[in-house]
């Protein structure tokens with residue numbers, strides 16, 4: 060037991076040290092950690108570490124995916140669903156098929172289903188290295204979102220395909236059976252993820268202790284994963300859906316303290332788990348080589364096959380990305396032509412006047428229903444206009460496509476999934492070492508040269524000046540809504556008494572003078588005055604929060620600007636508790 064604790068602490072120290080050094084060296088931390096793990100595995104006397112692959116896929120993978128999913132804006136995911144689906148489903152299936160046919164041809168004793176199973180293992184890229192490099196070098200936000208979305212969903216596709224291929228090795232499934240199983244796994248996983256995400260958000264919204272709500276969040280990945288797996292669906296996809304739902308609803312239902320506490324805790328968990336699995340991946344190399352040497356093909360044979368698979372996977376990815384980018388560029392041109400039509404439609408809606416309602420309840424209900432439908436149409440048009448602006452401003456060009464094509468690094472899921480191959484499959488040790496070779500070479504070669512490619516292509520991220528202007532515009536709108544809350548004639552304190560006119564006017568002056576770019580100073584004066592100040596400021600912040608949610612639902616601002624505005628509100632709201640006191 061002591062050895063396990065020492066090993067875990069040593070691994071944690073290595074992770075922290077590498078995570079600190081990696082940005083200074085300009086290299087992604089996963090690449091360094093894999094190499095460190097490889098080096099440690101060959102140290103004389105190094106203990107042999109056997110980790111069950113189910114432990115990685117069941118205990119480690121769900122929290123990693125959940126922590127990534129909660130930080131992906133659902134609007135960005137929706138706007139990029141075509142690219143994400145193409146890469147995470149279409150490309151994985153094509154890659155698995157091509158690699159399967161290649162191995163079936165090269166290894167005569169290997170059945171086609173078993174070869175496709177290995178193809179499924181090496182098909183899904185791991186987005187951790189690519190996104191960490193991209194964010195550091197300032198890749199366009201849309202490109203980062205596509206890579207993150209691909210990394211979230213492609214594991215689900217690969218694992219479902221792997222399960223079907225293994226079943227096919229026993230002759231238990233047909234082609235249409237695989238299609239049916241895949242559809243079932245996806246639909247049930249989405250249903251379970253939505254249910255778990257919505258239910259846990261509701262439960263957490265009823266608690267007023269950030270410690271308790273954060274503790275519940277630790278269980279959400281497993282609450283989504285395990286039931287889906289028991290139903291023979293994709294537990295991985297269920298976790299992703301639950302994470303997207305939680306991240307989207309958190310701004311509406313969680314307190315600022317909840318969001319800040321959860322964000323801090325999950326960033327730590329994500330750092331340890333993501334980097335830990337790459338360190339473990341490198342450390343397992345020595346044992347994999349030993350196992351492969353026991354087979355008559357030997358290590359060299361497995362490595363050569365792995366290098367060939369890397370080449371084929373790279374070619375397939377490039378061939379897939381080219382038509383995908385062409386299709387996205389057509390969508391961008393089509394979206395640009397819709398802008399004027401949407402503006403005209405929104406103007407006509409804004410000028411439309413509803414007739415006055417009569418005195419009868421029936422007429423009033425009918426008018427309210429028509430008014431609701433009109434607002435719904437207006438909201439949809441605004442969201443569509445936001446989508447058009449997004450596609451026009453943040454289109455993916457051929458340089459972005461080149462980065463996308465080269466971001467095919469594999470990770471620990473490839474190695475863990477390979478170790479789930481049945482023991483009676485021919486060449487099993489060779490296939491596992493082949494999978495490791497694919498993961499290691501793509502991570503080191505493609506991951507190591509990706510920064511150079513980004514620099515040579517001259518790709519830049521978002522325009523900071525434009526973002527700053529957009530943020531000022533959004534914060535001005537939010538501030539206006541907060542000030543409008545002061546004009547409500549029914550404003551009352553929690554005890555039913557009206558607010559002091561002096562406090563109302565003071566807040567109005569401060570809001571006009573400073574807007575939302577700086578924190579309001581704490582009020583001075585007697586206790587009751589301070590209490591009124593805080594309570595009224597909370598009411599303003601609630602109005603601003605509602606305006607922010609409306610801006611998010613309309614899609615009128617970019618997700619990164621919305622995130623900055625939400626952080627600014629969280630920062631100030633966290634100073635106040637629900638009862639009007641300051642924390």
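Residue numbers (my numbering): 60 to 642. Ideal placement from N, C-alpha and C gives every residue a C-beta, glycine not left out. No experiment lies behind these values; they were computed from the predicted model shown.
Run through DSSP, which three-state label would residue 637 get? To locate residue 637, count along the chain shown from 1; it is residue 578. Residue placement at residue 637 is poorly supported in this model, since its pLDDT is 44, which falls under 50; the coordinates still yield a value, given next. Residue 637 sits in coil when the DSSP states are folded into three classes, being neither helix nor strand.
What residue range is occupied by the uninterrupted alpha helix (DSSP H) comprising residue 340? Indexing the chain shown from 1 puts residue 340 at position 281. Looking at the DSSP string, the run of the alpha helix (DSSP H) that includes residue 340 is 315 to 342.
How many whole angstroms separate the CB atoms of residue 497 and residue 181, which I take to be in contact at a CB cut-off of 8 Å? Walking along the chain shown from the start, residue 497 turns up at place 438. Walking along the chain shown from the start, residue 181 turns up at place 122. Confirmed, Cβ separation roughly 5 Å.
For residue 267, which of helix, strand or coil comes out of DSSP? For this step, residue 267 is matched to residue 208 along the chain shown. The answer is coil: DSSP assigns residue 267 none of H, G, I, E or B.
Please tell me whether residue 93 and residue 365 are closer than 7 Å, where the distance is taken between their beta carbons. For the purposes of this step, residue 93 is identified with residue 34 of the chain shown, where counting begins at 1. For the purposes of this step, residue 365 is identified with residue 306 of the chain shown, where counting begins at 1. For residue 93 and residue 365, no; Cβs fall outside 7 Å.
If the criterion is Cβ atoms closer than 7 Å, does the pair residue 379 and residue 150 meet it? As a first step, residue 379 is located in the chain shown; it is residue number 320 there, counting from the start. As a first step, residue 150 is located in the chain shown; it is residue number 91 there, counting from the start. Yes. Within cutoff.
Reference residue 707, options 469, 405, 310, closest by Cα: Given that the chain is displayed from residue 60 to residue 642, the structure contains no residue 707 and the question cannot be resolved.
Rounding to the nearest angstrom, what Cα-Cα distance links residue 256 and residue 321 in this structure? Translated into the one-based positions of the chain shown, residue 256 becomes position 197. Translated into the one-based positions of the chain shown, residue 321 becomes position 262. Each residue's alpha carbon lies about 15 Å from the other.
Going by C-alpha to C-alpha distance, which of 336, 362, 337 sits closest to residue 348? Position 289 of the chain shown, counted from the first residue, corresponds to residue 348. Cα-wise, what sits closest to residue 348 is 362.
Nearest-angstrom Cα distance between residue 384 and residue 455? If you number the chain shown from 1, residue 384 lands on position 325. If you number the chain shown from 1, residue 455 lands on position 396. Going by the C-alpha atoms only, they are around 7 Å apart.
Is DSSP giving residue 198 helix, strand or coil here? Residue mapping note: residue 198 aligns to position 139 of the chain shown, counting from 1. Of the three classes helix, strand and coil, the one that applies to residue 198 here is coil, per DSSP.
For residue 478, which residues of its own chain have a beta-carbon under 7 Å away from its beta-carbon, when the five flanking residues on both sides are left out? Along the chain shown, one-based indexing puts residue 478 at 419. A distance below 7 Å between beta-carbons, with the five flanking residues on each side excluded, links residue 478 to the following residues of its chain, in chain order: 112, 491.
Quick one: what does DSSP say residue 616 is sitting in, helix, strand or coil? Translated into the one-based positions of the chain shown, residue 616 becomes position 557. Residue 616: coil per DSSP, three-state reduction.
Using 7 Å as the threshold, is the C-beta distance between residue 87 and residue 506 below it? Numbered from its first residue, the chain shown carries residue 87 at position 28. Numbered from its first residue, the chain shown carries residue 506 at position 447. Going by C-beta atoms, residue 87 is nearer than 7 Å to residue 506.
Three-state class that DSSP yields for residue 485 in the structure shown: Here residue 485 refers to the residue found at position 426 when the chain shown is read from its first residue. Here residue 485 sits in coil by DSSP.
Own chain partners of residue 464 with C-beta closer than 7 Å, once the 5 adjacent residues on each side are dropped: In the chain shown, the residue the question calls residue 464 occupies position 405. Taken in chain order, the residues that qualify are 376, 377, 380.
Here's a check: name, in chain order, each residue in its chain whose Cβ is nearer than 6 Å to the Cβ of residue 292, leaving out the five neighbours to either side. For this step, residue 292 is matched to residue 233 along the chain shown. Only 244, 247, 248 meet the Cβ criterion.
Among the candidates 442, 599, 528, whose CA atom is the shortest distance from the CA of residue 538? Numbered from 1 along the chain shown, position 479 holds the residue referred to as residue 538. The shortest Cα separation from residue 538 among 442, 599, 528 belongs to 599.
Would you mind reading off the limits of the alpha helix (DSSP H) that contains residue 143? Numbered from 1 along the chain shown, position 84 holds the residue referred to as residue 143. For residue 143, the enclosing alpha helix (DSSP H) covers residues 140 to 144.
Are residue 287 and residue 294 touching if we call contact CB-CB under 7 Å? Your numbering for residue 287 matches position 228 in the chain shown. Your numbering for residue 294 matches position 235 in the chain shown. Taking C-beta atoms as the reference points, residue 287 and residue 294 count as a pair closer than 7 Å.
Tell me the DSSP secondary structure of residue 105 in three-state form. Residue 105 sits at position 46 when you count from the first residue of the chain shown. Correct three-state label for residue 105: coil.
Is the Cβ-Cβ distance between residue 142 and residue 303 less than 7 Å? Here residue 142 corresponds to residue number 83 of the chain shown, with the count starting at 1. Here residue 303 corresponds to residue number 244 of the chain shown, with the count starting at 1. The answer is no: Cβ separation not under 7 Å.
How close, in whole Å, do the beta carbons of residue 329 and residue 123 come, if the pair is a contact with beta carbons under 8 Å? The count along the chain shown starts at 1 and reaches residue 329 at position 270. The count along the chain shown starts at 1 and reaches residue 123 at position 64. Sure, about 7 Å apart at Cβ, within 8 Å.
Does the Cβ of residue 159 have 16 or more other Cβ atoms within 10 Å, making it buried, or fewer, making it exposed? Along the chain shown, one-based indexing puts residue 159 at 100. Buried, by the Cβ-count rule.
Can you tell me the Cα-Cα spacing of residue 353 and residue 109, whole angstroms? The residue you call residue 353 lines up with position 294 of the chain shown. The residue you call residue 109 lines up with position 50 of the chain shown. CA-to-CA, the gap between residue 353 and residue 109 works out to about 18 Å.
Measuring alpha carbon to alpha carbon, tell me which residue in 553, 444, 545, 62 is nearest residue 566. Within the chain shown, the letter at position 507 stands for residue 566. When the alpha-carbon of residue 566 is set against those of 553, 444, 545, 62, the nearest one is in 545.
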